[in-house]
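Numbering-wise (this note's numbering), the sequence shown opens with residue 2 and increments by one. Take a look at the structure set out below.
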Amino acid sequence: MPQTNTEVQRKFKERQLLYNREEYLQKKRDNYKKYYKKKFKDDIEPEEEIKEEEIKEEFIILKPDKKRQAPLNKTIIKDETKKVYIRSLSRIYNSYYHKEIEYDFKEELIKLLSVQKYNINLVKEEFKDIHKDIYDIIKNTSNKSDIRNLHAIITRIRGFSTLVKKIAPYIDVNQQQYAIARNNKEFTDIIRQKYNALSFNKEEIIKNLKNDEIGLTSKEKLLYGLFTLFHTRRPVDYNRMFIVTEQPKYELRKKITDRNNYYYDGVFYFYITKNKEIQKYDVPPELRILIENEIKLRNENNKYLLLNKNNKPYTNTSKLSCDIMLVFKKIYKLSISAVEIRRLYATYLKYQVKDGYMTEEEHRRICDMMNHSYEENLKYSYNIEQK
2 MPQTNTEVQR KFKERQLLYN REEYLQKKRD NYKKYYKKKF KDDIEPEEEI
52 KEEEIKEEFI ILKPDKKRQA PLNKTIIKDE TKKVYIRSLS RIYNSYYHKE
102 IEYDFKEELI KLLSVQKYNI NLVKEEFKDI HKDIYDIIKN TSNKSDIRNL
152 HAIITRIRGF STLVKKIAPY IDVNQQQYAI ARNNKEFTDI IRQKYNALSF
202 NKEEIIKNLK NDEIGLTSKE KLLYGLFTLF HTRRPVDYNR MFIVTEQPKY
252 ELRKKITDRN NYYYDGVFYF YITKNKEIQK YDVPPELRIL IENEIKLRNE
302 NNKYLLLNKN NKPYTNTSKL SCDIMLVFKK IYKLSISAVE IRRLYATYLK
352 YQVKDGYMTE EEHRRICDMM NHSYEENLKY SYNIEQK
């Protein structure tokens with residue numbers, strides 16, 4: 002029976018993948034870059050854009066760790082984290098093996114990540130190929146977080162300490178590179194443009210909120226207010242936040258395995274913090290008005306602080322971060338990510354102290370409210386005197 006055009010094209014693509022795998026992967030990465038560049042492109046002149054030159058580094062096989070860093074991992078993780086781990090493994094399967102994860106394997110992975118009894122023989126059989134190809138997988142995986150998540154899964158499987166020790170050095174190197182990059186951020190013309198446009202002045206923020214020409218919805222006003230009227234925290238802190246009718250009790254904290262953050266009666270309760278200490282902060286009156294106005298428009302069953310355009314909770318932080326970027330682009334005509342807002346605010350604070358408008362003690366207090374250490378906050382900021 003003759004093949005259809007679609008079947009012929011699919012067969013041709015499969016042959017291309019077989020013989021030109023590296024070329025295919027590079028093309029796929031380039032397409033991702035074009036997609037995100039087009040989606041979040043800044044409104045600036047072409048000549049002002051920075052041209053990135055890709056530097057291909059020779060892949061080095063690092064010496065495995067002599068000792069496993071920790072015993073078998075049996076910590077309880079959130080359902081959202083489980084999904085992130087499985088998505089990372091799916092991307093590795095798609096890009097390296099050109100196939101999807103089987104349903105049975107996915108079910109056993111969920112049991113494994115939930116610290117439940119699972120089919121260890123099935124899981125070990127699936128990871129046998131990954132063990133054999135691990136260096137090639139690390140070499141060809143562009144998203145470094147996928148390798149980190151793969152490592153997190155394997156640390157939970159008995160009998161894979163050798164593989165854990167092979168991956169660990171690459172995670173350490175990536176962490177070091179991240180720290181160096183964060184401490185040597187260049188204050189480019191594009192970032193300077195964003196820094197000059199974005200204001201943390203309360204009067205200007207309220208003016209933007211009331212500006213009918215901008216036309217912010219109630220949900221967009223709340224997103225804007227959370228990242229400007231309150232000391233800028235990470236999006237994940239609000240993605241996990243519930244609206245409650247009773248004051249959260251501190252003494253119950255250790256009994257809660259799936260902890261969350263809460264809003265109650267004009268107060269933020271942050272249970273998920275870097276130093277594991279509960280933080281409790283009064284919400285500024287202007288932000289409280291935005292929260293209460295948004296709550297009035299909702300069905301009483303919606304207990305999450307933030308809902309998407311479909312009046313449903315955000316399924317993951319990346320989608321929330323995308324909406325934050327779109328809100329700030331609507332106001333400032335520039336694509337400013339949630340991470341950049343936080344960095345620009347850290348820069349603003351540093352120069353408020355340097356110019357004498359704020360004391361170091363006040364700066365340290367605000368760093369705590371941002372869930373940052375003082376030293377980390379300084380590293381996070383830009384040096385605006387850079388040429």
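Don't be surprised by glycine CBs; every beta carbon is placed ideally from N, CA and C. In this text, all values refer to a predicted model and were calculated from it rather than measured experimentally.
- T233 is positioned such that its CB atom lies closer than 8 Å to that of Y346.
- Under the three-state reduction of DSSP, V245 is assigned to coil, being neither helix nor strand.
- K68 and C323 have their C-alpha atoms spaced approximately 40 Å apart.
- Under the three-state reduction of DSSP, D356 is assigned to coil, being neither helix nor strand.
- Classified as exposed, E278 has fewer than 16 neighbouring CB atoms from the shown chains inside 10 Å of its CB.
- Proximity of the stretch 121 to 130 to the stretch 94 to 109 meets the contact definition, three or more beta-carbon pairs being nearer than 8 Å.
- Three or more Cβ pairs closer than 8 Å define a contact, and the stretch 93 to 107 falls short of that threshold against the stretch 184 to 201.
- Its chain contains H232, L350 as the residues whose beta carbon lies nearer than 7 Å to that of I367, once the 5 sequence neighbours on both sides are disregarded; these appear in chain order.
- Note that the stretch 328 to 342 does not touch the stretch 286 to 298; fewer than 3 beta-carbon pairs, one per stretch, sit closer than 8 Å.
- A direct Cα-to-Cα measurement between N300 and K129 gives close to 49 Å.
- The C-alpha of K100 is placed about 42 Å away from the C-alpha of M371.
- Using a 10 angstroms sphere on the CB of P249, the tally of other CB atoms reaches 16 or more, which defines it as buried.
- DSSP places N240 in the uninterrupted alpha helix (DSSP H) bounded by 236 to 240.
- Contact check for L114 against K220 fails: the beta carbons are separated by 8 Å or more.
- N209 and E287 have their C-alpha atoms spaced approximately 13 Å apart.
- As computed with DSSP, Y265 is found in a beta bridge with V268.
- Counting of Cβ neighbours within 10 angstroms places Y375 among the exposed residues, the total staying below 16.
- Inside the stretch 67 to 109, DSSP marks whole alpha helix (DSSP H) runs of 4 or more residues at positions 80 to 93, from first to last along the chain.
- Straight-line spacing of the CA atoms in Y264 and Q353 works out to 29 Å.
- Where Q194 is concerned, the enclosing alpha helix (DSSP H) starts and stops at 190 to 198.
- For D213, there is no enclosing alpha helix (DSSP H), as DSSP marks it with neither H nor E.
- In the structure shown, Q280 adopts extended strand secondary structure according to DSSP, grouped into three states.
- As the crow flies, the alpha-carbon of L199 is around 46 Å from that of L73.
- The beta-carbon distance between I244 and K297, rounded to whole angstroms, is 12 Å. This is too long to meet the 8 Å contact definition.
- With a cutoff of 8 Å on beta-carbon distance, A153 and Y98 are scored as not near each other.
- Note on geometry: alpha-carbon atoms of N384 and Q177 lie some 21 Å from one another.
- Residue T348 holds the alpha-carbon nearest to the alpha-carbon of E377 among G357, D66, T348, D105.
- Membership of N150 in the alpha helix (DSSP H) is indicated by the continuous run 145 to 155.
- Taken through DSSP and simplified to helix, strand or coil, Y119 comes out as coil.
- Going by C-alpha positions, F201 is about 46 Å away from Y136.
- When rounded, the separation of the alpha-carbon atoms in R149 and L321 is 22 Å.
- Per DSSP, H364 is one residue of the alpha helix (DSSP H) stretching across 361 to 370.
- From the listed residues L227, T142, D105, R344, the smallest Cα separation to E187 is found for R344.
- Around the Cβ of I61, a 10 Å sphere holds fewer than 16 other Cβ atoms; the residue is exposed.
- Within its own chain, the residues whose Cβ lies closer than 8 Å to the Cβ of R159, once the five positions on either side in sequence are excluded, are L73, I121, listed in chain order.
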